[in-house]
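Engineer: So the sequence lines, in the order shown, correspond to chains A and B. Residue numbering for the first sequence follows my numbering, starting at 171 and increasing by one per position. Residue numbering for the second sequence follows my numbering, starting at 87 and increasing by one per position.
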Amino acid sequence: KQEVTQIPAALSVPEGENLVLNCSFTDSAIYNLQWFRQDPGKGLTSLLLIQSSQREQTSGRLNASLDKSSGRSTLYIAASQPGDSATYLCAVYTGFQKLVFGTGTRLLVSP
Amino acid sequence: DVKVTQSSRYLVKRTGEKVFLECVQDMDHENMFWYRQDPGLGLRLIYFSYDVKMKEKGDIPEGYSVSREKKERFSLILESASTNQTSMYLCASSWRTGGAFFGQGTRLTVV
Chain A
171 KQEVTQIPAA LSVPEGENLV LNCSFTDSAI YNLQWFRQDP GKGLTSLLLI QSSQREQTSG
231 RLNASLDKSS GRSTLYIAAS QPGDSATYLC AVYTGFQKLV FGTGTRLLVS P
Chain B
87 DVKVTQSSRY LVKRTGEKVF LECVQDMDHE NMFWYRQDPG LGLRLIYFSY DVKMKEKGDI
147 PEGYSVSREK KERFSLILES ASTNQTSMYL CASSWRTGGA FFGQGTRLTV V
């Protein structure tokens with residue numbers, strides 16, 4: 171059974187820092203991987219989708235990489251801002267495009 | 087922009103009531119999903135559908151059923167609501183090639 175783990179569980183940084191969030195999965199036979207953010211009490215907002223044939227995706231200050239063979243993905247956030255404070259979730263796609271979610275990293279960026 | 091709309095943000099129901107949660111997407115996605123999210127347990131898949139009138143059980147289908155009569159609409163039904171079904175419910179949709187989009191969530195309280 172696919173299991174997805176995110177480290178660290180919580181992270182507190184001052185504004186302006188570059189930071190890395192980690193995601194690992196136990197079964198490398200995945201289709202795609204997607205990163206989301208979730209604000210308290212809200213739904214999930216898609217950040218980046220990495221297709222199985224790709225190794226990374228970039229959007230603005232965000233860069234996500236995927237190494238299927240080692241079962242790892244990282245989300246890099248450059249020049250963090252207070253508005254980046256949220257919970258970040260990674261999810262891997264298994265058969266029928268079902269998503270298996272990680273445990274999440276709660277990020278707090280202080281002004 | 088992709089829009090996934092859940093019928094209610096907040097819902098309070100009594101134990102034993104039959105509860106309907108509705109979800110509509112406007113992107114002609116083949117796949118639709120229902121998840122519940124609980125503190126410490128993360129997001130867990132209840133049911134998903136990969137086509138009209140097709141459904142598959144997720145990880146925690148007990149106490150729930152679903153209906154997908156039209157491509158854009160996926161309904162989650164709590165046959166007889168119980169207090170342990172108090173949770174945040176999240177609907178999502180995606181193409182077969184992946185890339186999920188989520189609704190804003192429905193916080194259901196069963197009293």
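Note that CB positions come from ideal geometry on N, CA and C, so glycine has one too.
#1: Can you round the beta-carbon distance between Gly213/A and Gly185/B to whole angstroms, since I take them to be within the 8 Å contact cut?
#2: Using a Cβ-Cβ distance under 8 Å, would Tyr201/A count as near chain B?
#3: Please state the DSSP three-state secondary structure of Gly128/B.
#4: Does the distance from the C-beta atom of Asn202/A to that of Tyr263/A stay below 8 Å?
#5: Please determine, among Thr244/A, Pro252/A, Ser280/A, the residue with the shortest C-alpha to C-alpha distance to Phe195/A.
#6: Does the beta-carbon distance from Tyr133/B to Gly144/B come in below 8 Å?
#7: What in chain B is Cβ-close to Ser216/A, meaning under 8 Å?
#8: Residues in the same chain with beta-carbon distance under 7 Å from Leu189/A, minus the five sequence neighbours each way, listed in chain order, please.
#9: Can you tell which of Ser93/B, Asn170/B, Ser94/B, Asn117/B has the C-alpha that lies nearest to the C-alpha of Gly149/B?
#10: With 16 other CB atoms within 10 Å as the buried threshold, where does Ser151/B fall?
Structural biologist: Let me lay it out:
#1: Their Cβ separation, rounded to whole angstroms, is 15 Å, which puts Gly213/A and Gly185/B out of contact at 8 Å.
#2: yes
#3: strand
#4: yes
#5: Thr244/A
#6: yes
#7: Gly185, Ala186, Phe187, Phe188
#8: Leu181, Val183, Ile247, Ser250
#9: Asn170/B
#10: exposed
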